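Visitor: Residue numbers (mature numbering (1 follows the signal peptide of the UniProt record, and there is no 0)): -17 to -1, 1 to 177. We put the beta carbon where it would ideally sit given N, CA and C, even for glycine. Please read these numbers as outputs of a predicted model, since none were measured by experiment. Quick one: structure below, then a few questions.
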């Protein structure tokens, strides 16, 4: 029952977040999808569920700090994030891709471990369905990354960019960004503890 609820939650969160334009709603539906992965991990192994929860909390707190620093409320606001700081732009981009679960980043690790555990317990069909349920979430994270990185709104201002005037940020993003994007090499160690 818990596995079915996890799959249903991952599907609901992914598909519901596709048509959203406010970052708060996108992250809310992303949380629903991630809780589906967490429920699945909880049904399989409590240690795996703990790893999944900690990874998700780390990545989500990083993205909330990034979006709060740039005062981003909608997807269209994300195209102006580059004016705050190029470093912040990189942190936001990598963290969004990590939340989507792309393989070289930290967000891939718990998903990979959950899919591996499902396959080893003989639930290959559920593993395939859960992997497919992650695709809509990955799509809206890539869409947010595209708008953050590759689009710039027309600007008629002749002033210098904000990041040249205010290099200090209220919260140091270095530890959270590093952990939320570069923990994948430690996944073999985490696998051995399972």
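Quick one: measure Cβ to Cβ for residue 16 and residue -4, integer angstroms, because I've assumed they're closer than 8 Å.
Guide: If you number the chain shown from 1, residue 16 lands on position 33. If you number the chain shown from 1, residue -4 lands on position 14. With 8 Å as the limit, residue 16 and residue -4 qualify as a contact, their Cβ atoms being about 5 Å apart.
Visitor: Would you mind stating whether residue -11 and residue 116 have Cβ atoms separated by less than 8 Å?
Guide: Numbered from its first residue, the chain shown carries residue -11 at position 7. Numbered from its first residue, the chain shown carries residue 116 at position 133. Yes, the pair counts as a contact, with Cβ atoms nearer than the cut-off.
Visitor: Can you find the residues in the same chain that come closer than 6 Å, C-beta to C-beta, to residue 10, ignoring five residues on each side of it along the sequence?
Guide: Locating residue 10 in the chain shown gives position 27, where the first residue counts as 1. Excluding sequence neighbours, residue 10 sits near nothing in its chain.
Visitor: Within the same chain, show all residues whose beta-carbon is closer than 6 Å to that of residue 132, passing over the 5 residues directly before and after it, in chain order.
Guide: Position 149 of the chain shown holds residue 132. Only 76 meet the Cβ criterion.
Visitor: Pick helix, strand or coil for residue 190, following the three-state DSSP scheme.
Guide: Residue 190 lies beyond the residue range present for the chain, which begins at -17 and ends at 177; the question has no answer from this structure.
Visitor: Comparing alpha-carbon positions, which option in -16, 36, 82 and 53 lies nearest residue 118?
Guide: Numbered from 1 along the chain shown, position 135 holds the residue referred to as residue 118. Measuring from the Cα of residue 118, the nearest candidate turns out to be 82.
Visitor: Counting C-beta neighbours from all protein chains within 10 Å, is the total for residue 86 16 or more, i.e. buried, or is it exposed?
Guide: Reading the chain shown from its first residue, position 103 is the one you call residue 86. Exposed.
Visitor: Going by C-alpha to C-alpha distance, which of -2, -6 and 127 sits closest to residue 73?
Guide: Counting from one through the chain shown, the residue named residue 73 turns up at place 90. Among -2, -6 and 127, the Cα nearest to that of residue 73 belongs to 127.
Visitor: Please report the distance separating the alpha-carbon of residue 78 from that of residue 18.
Guide: In the chain shown, counting from the first residue as 1, residue 78 sits at position 95. In the chain shown, counting from the first residue as 1, residue 18 sits at position 35. C-alpha separation (whole angstroms): 18 Å.
Visitor: Using a Cβ-Cβ cutoff of less than 6 Å, which residues in the same chain neighbour residue 141 once the five nearest sequence positions on both sides are dropped?
Guide: In the chain shown, counting from the first residue as 1, residue 141 sits at position 158. Any reading at residue 141 must be qualified, since the residue scores a pLDDT of 49, below 50, and its modelled position is unreliable; no value is offered.
Visitor: Taking only runs that begin and end inside the region 26 to 114, name each unbroken beta strand (DSSP E) of 3 or more residues, in chain order.
Guide: List check, beta strand (DSSP E) in window: nothing returned.
Visitor: Considering only the alpha carbon of each residue, which of -9, 55, 53 and 108 lies closest to residue 21?
Guide: Walking along the chain shown from the start, residue 21 turns up at place 38. The shortest C-alpha separation from residue 21 is found at -9.
Visitor: Which whole-angstrom value describes the C-beta separation of residue 71 and residue 23, a residue pair presumed to lie in contact below a C-beta threshold of 8 Å?
Guide: In the chain shown, counting from the first residue as 1, residue 71 sits at position 88. In the chain shown, counting from the first residue as 1, residue 23 sits at position 40. In fact, because the Cβ distance is near 33 Å, the residues do not count as touching under 8 Å.
Visitor: Here's the rule I'm using: 16 or more other beta-carbon atoms within 10 Å means buried, otherwise exposed. How should residue 13 be labelled?
Guide: Residue mapping note: residue 13 aligns to position 30 of the chain shown, counting from 1. Per the 10 Å Cβ criterion, buried.
Visitor: Taking Cβ to Cβ, would you say residue 111 is nearer than 8 Å to residue 31?
Guide: The count along the chain shown starts at 1 and reaches residue 111 at position 128. The count along the chain shown starts at 1 and reaches residue 31 at position 48. Not in contact: residue 111 and residue 31 (Cβ atoms no closer than 8 Å).
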